[in-house]
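Going by my numbering, the sequence shown opens with residue 146, and the numbers climb by one from there. Just below is one structure, and these are the notes that go with it.
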Amino acid sequence: MPTPKQRHTKSRRNRRRSHLALKKRKLSTCKKCGEPVLAHHVCSFCGQYNGKEVVDVLARLEKKERKKKEKELKEHEAEAKDEQKNKPLNLEELSKK
């Protein structure tokens, strides 16, 4: 294996590594339950994608877990609706209306 003839400087090394930093994931909220979801992914909490139920989350659970999950979903939906109603409008939302 060849050996380098000269040492690379710290600035050259750091410039090369500048693109290796991790980037923040951009999350959006689920329209139904309000949970944070990656773009173009099914919501793992309620199983919705693009306004349609794709995965039946409750079918995989046992009876006790299913009842608990149904209760959580109803509470979550109610909270999400309340937040949307009480949320003050900003300039972007005003331009949409």
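Ideal placement from N, C-alpha and C gives every residue a C-beta, glycine not left out.
Range of the contiguous beta strand (DSSP E) that encloses residue i
{"i": "Leu167", "result": "That residue, Leu167, is in no beta strand (DSSP E); it is neither H nor E in DSSP."}
{"i": "Leu218", "result": "Not the beta strand (DSSP E): Leu218 falls in the alpha helix (DSSP H), residues 208 to 231."}
{"i": "Pro147", "result": "That residue, Pro147, is in no beta strand (DSSP E); it is neither H nor E in DSSP."}
{"i": "Val182", "result": "181 to 183"}
Proximity below 8 Å, CB of residue i to CB of residue j
{"i": "Cys178", "j": "Glu222", "result": "yes"}
{"i": "Lys214", "j": "Leu206", "result": "yes"}
From the options, residue whose alpha carbon lies closest to that of residue i
{"i": "Arg170", "options": "Arg161, Arg162, Ala184, Arg157", "result": "Ala184"}
Rounded Cβ spacing between residue i and residue j (contact assumed at less than 8 Å)
{"i": "Pro181", "j": "Leu172", "result": "4 Å"}
{"i": "Lys176", "j": "Gly196", "result": "6 Å"}
Exercise. If you pair each beta-carbon of the region 185 to 192 with each one of the region 201 to 212, do three or more pairs fall below 8 Å?
Worked result: yes
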